[in-house]
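Number of protein chains: 2
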Amino acid sequence: MAGGVGARFWPLSTEAQPKQFLDVMGTGKSFIRATFERFLPSVPKENFLVVTSAIYKAQVMEHLPELSESQVLLEPMRRNTAPCIAYASFRIKSVCDNANVVVTPADHLVTNTVEFNRIINKGLDYVSAHNSILTIGIKPSRPETGYGYIKQNCETEISEIYEVDSFKEKPSLDVAKQYLSDGNYLWNSGIFMWNNNAILSEFKTQLPNMYADFEKGESVYNTTEEQAFIDNLYPACQSISIDYGIMEGAESRCVIPADFGWSDIGTWGSLYTHLEKNENANASVGGKVVFDKSSGCIVNIPADHEAIIEGLDGYLVAYYNKNLIVCKLDDEQEIKNLVEKLK
Amino acid sequence: MAGGVGARFWPLSTEAQPKQFLDVMGTGKSFIRATFERFLPSVPKENFLVVTSAIYKAQVMEHLPELSESQVLLEPMRRNTAPCIAYASFRIKSVCDNANVVVTPADHLVTNTVEFNRIINKGLDYVSAHNSILTIGIKPSRPETGYGYIKQNCETEISEIYEVDSFKEKPSLDVAKQYLSDGNYLWNSGIFMWNNNAILSEFKTQLPNMYADFEKGESVYNTTEEQAFIDNLYPACQSISIDYGIMEGAESRCVIPADFGWSDIGTWGSLYTHLEKNENANASVGGKVVFDKSSGCIVNIPADHEAIIEGLDGYLVAYYNKNLIVCKLDDEQEIKNLVEKLK
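As given, the protein sequences belong to chains G and B, one line each in that order.
Position one of the first sequence corresponds to residue 1058 (the working numbering), numbered consecutively onward.
Position one of the second sequence corresponds to residue 1058 (the working numbering), numbered consecutively onward.
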């Protein structure tokens, strides 16, 4: 899934170049490229499908030149994750009767790819033998309020995999602290695994209209008529997330707790926590930065740019493509509104 | 005089594009262009001479296309203002026996050009009739510590012009306050007027070696051999300012007090005082800026750029040509050192 708009990383992320195509960590690889490479030990390159907005097709092909154009599924507009996954599931069905599938956002960070692939392979083994919807749950390291949580049923373990007791919305800080001390709550990574027939069966039961709409195209998937069919279908599609549409009500929901250095890097603050800091806890990505009388700052500028940062404590400073922001990290939730004011 | 390097306006000013070629006020005109246009009511365009570094010749011609190349005198290296003025004076002598001259920096701000031209014309009238070195002294509006001062002899007025009692170095704040309350101290604008024979006579008396060196070229000024002569002469030239070399010891020194909205715009802070502010005392030049929870800031970005400034009080934020600075205005004297650290 690579259709996100990533408004919170302005000015690096814009509608024209959302987060999945950026290298906000300064690793030399965009998120989508790093995601692709992370899965390669477990998934042959011809088995990847990227679902994205039509406007990002060229960028996907540029970042993932190993893929053929037929591997990039183009949504004519945003309709949240359920239609995106329904589309991909019907496409997969048209080429493979019994595929095991991993669904993942294309803009997350993972630092331990060996453990990541071990978890993916264990999960794929599980869903190939069980008619179950499997989520990767991240073992929490702090009372994070920016993630949804999964409560695991600790008495149900089979080979590291547990039944899900319930899915939880983003909590308040007090609730998040309680979750952390309880020890049986995991962060919802948004990475799912299932057998393709299992998820199609869930769509048929829980989102029957959506299922019926996509089923009408069974004869056109993987043909030259597919795009026209999708372009015609999408505008009327219900915009709903896979979490609300499917996960909450699925017949068999499992979770595999994991600890492979994961972050969704959803905010500048979370990016800051993952970067190397200097002696005054300042972090920078890109070009040379001279810090003076400053601490706890994150600076992101292009590699061939230079910056002087003087007298700032706890700020974000970012410049990209003629757009500049200086903002207290504590106030970064305001960025989206302030970007609106620029328009 | 347009040879300055303007290091304090980094990143707008750089050695490749010093302050005189910039439009830091956002008026649509560079300082050198505005200076040229300001003098046009009093001085025919063919009478201008620009003394600058050889590396800035193309930029001068671009900003002042009305000038011929012969009006741009090129210094092969910086040697402060006395050699610059000696060179121009000998060039003037070669084409006009009895010229009245105004010497001015090319990177100052004047807001009342009518009053400016009135003062210039009054001064030129005076020096055409008196063998005197005349300085424009600015009536001080605040106890500024960034300017040199001129103490006028208040009992000597002739048609708005006074004898100079003494020149004063940049004062401490206490001394500046005393100057302001005394009422007979003026800011030294660095704008001088004289008859060309008067200044040459002062050079002959006070800087006889420099005078002799430039006099050796009397046959080559305004010929094709002039540049080679200057290029050969300059390396050994004494580097000294006109203030120390000539003003302090001149036989007859006068000052004309003036009030035409002058600033040397020598710092970001002085630029800030001259810009229009919004309701929270924020000023910006160039592209659109959204301020939030901010006050007393100055932001300078290119006209086609945009910026969000959140949570800053009393800061400079400037971006130009791949270089970015965020700095407390109170600390702006550090900028020069911080730029050195980038190198």
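Backbone N, C-alpha and C define an ideal beta-carbon position, used for all residues, glycine too.
Report yes or no: is there a C-beta of chain G within less than 9 Å of the C-beta of residue i?
| i | result |
| --- | --- |
| W1325 (chain B) | no |
| I1355 (chain B) | no |
| C1294 (chain B) | no |
| H1165 (chain B) | no |
| K1350 (chain B) | yes |
| K1076 (chain B) | no |
| G1302 (chain B) | no |
| D1388 (chain B) | yes |
| G1180 (chain B) | no |
| V1158 (chain B) | no |
| C1384 (chain B) | yes |
| V1184 (chain B) | no |
| I1366 (chain B) | yes |
In the DSSP output, which residue or residues are listed as bridge partners for residue i?
| i | result |
| --- | --- |
| R1310 (chain B) | B:I1190 |
| N1210 (chain B) | B:E1220 |
| W1325 (chain B) | According to DSSP, W1325 (chain B) bridges with nothing at all. |
| E1363 (chain G) | G:K1345, B:N1380 |
| T1071 (chain G) | G:Q1074 |
| S1320 (chain B) | B:L1166 |
| Y1372 (chain B) | B:K1385 |
| E1132 (chain B) | B:S1110 |
| N1352 (chain B) | The sequence shown places Ser at residue 1352 (chain B), rather than the Asn named in the question. Partner(s): B:D1370. |
| N1357 (chain B) | B:V1342, B:A1375 |
| N1289 (chain B) | The partner list for N1289 (chain B) (beta bridge, DSSP) is empty, contrary to what the question assumes. |
| N1157 (chain B) | B:N1252 |
| I1215 (chain B) | B:I1218 |
I'd like to know if residue i contacts chain B, where contact means its C-beta is closer than 9 Å to some C-beta of that chain.
| i | result |
| --- | --- |
| P1197 (chain G) | no |
| H1331 (chain G) | no |
| L1369 (chain G) | yes |
| W1402 (chain G) | In this structure chain G extends from 1058 to 1400, so residue 1402 (chain G) is not present and cannot be described. |
| G1083 (chain G) | no |
| P1359 (chain G) | yes |
| A1145 (chain G) | no |
| E1391 (chain G) | yes |
| V1347 (chain G) | yes |
| N1380 (chain G) | yes |
| L1395 (chain G) | yes |
| E1363 (chain G) | yes |
| V1062 (chain G) | no |
| I1149 (chain G) | no |
| E1244 (chain G) | Before going further, note that residue 1244 (chain G) is Trp rather than Glu in the sequence given. It does not: the Cβ of W1244 (chain G) has no partner Cβ on chain B nearer than 9 Å. |
| L1399 (chain G) | yes |
| I1248 (chain G) | no |
| I1313 (chain G) | no |
| G1344 (chain G) | yes |
| W1067 (chain G) | yes |
| Y1376 (chain G) | yes |
| A1372 (chain G) | The question names Ala, but residue 1372 (chain G) is Tyr in the sequence shown. So, interface residue. |
Exposed or buried, what is residue i when buried is set at 16 or more other beta-carbons lying within 10 Å of its beta-carbon?
| i | result |
| --- | --- |
| R1199 (chain G) | exposed |
| Q1235 (chain B) | exposed |
| L1097 (chain B) | exposed |
| T1213 (chain B) | exposed |
| V1356 (chain G) | buried |
| S1238 (chain B) | exposed |
| A1115 (chain G) | exposed |
| W1339 (chain B) | The sequence shown places Asn at residue 1339 (chain B), not Trp. By the neighbour-count rule (16 or more Cβ atoms within 10 Å), N1339 (chain B) is buried. |
| A1285 (chain B) | exposed |
| I1382 (chain B) | buried |
| C1211 (chain G) | exposed |
| S1246 (chain G) | buried |
| C1384 (chain G) | buried |
| E1363 (chain G) | buried |
| P1162 (chain B) | buried |
| D1164 (chain G) | buried |
| G1274 (chain B) | buried |
| P1265 (chain B) | exposed |
Q. Can you list, in chain order, the stretches of the beta strand (DSSP E) that have 3 or more residues and sit fully within the segment 1234 to 1279 of chain B?
A. 1242 to 1252
Q) Which ranges does the alpha helix (DSSP H) cover as unbroken runs of at least 4 residues, wholly within the segment 1098 to 1127 of chain B, from first to last along the chain? A) 1114 to 1120
**Q.** Segment contact flag, the segment 1362 to 1380 of chain B with the segment 1383 to 1399 of chain G, C-beta cutoff 8 Å, min 3 pairs
**A.** Touching, yes.
(Q) For the structure I just gave you, are there three or more beta carbon pairs, one from the segment 1250 to 1263 of chain B and one from the segment 1279 to 1292 of chain B, closer than 8 Å? (A) no
(Q) With three or more beta-carbon pairs closer than 8 Å as the criterion, would you say the segment 1067 to 1078 of chain G touches the segment 1179 to 1193 of chain G? (A) no
Q. How do the segment 1130 to 1141 of chain G and the segment 1104 to 1115 of chain G stand: do at least 3 beta-carbon pairs fall below 8 Å, yes or no?
A. yes
Q | Touch test, the segment 1212 to 1230 of chain B against the segment 1341 to 1348 of chain B, Cβ-Cβ under 8 Å, three pairs minimum | A | With a cut-off of 8 Å, the segment 1341 to 1348 of chain B and the segment 1212 to 1230 of chain B do not count as touching, because too few Cβ pairs lie within range.
Q) Using 8 Å as the threshold, is the segment 1144 to 1161 of chain B in touch with the segment 1265 to 1283 of chain B, meaning 3 or more CB pairs across them? A) yes
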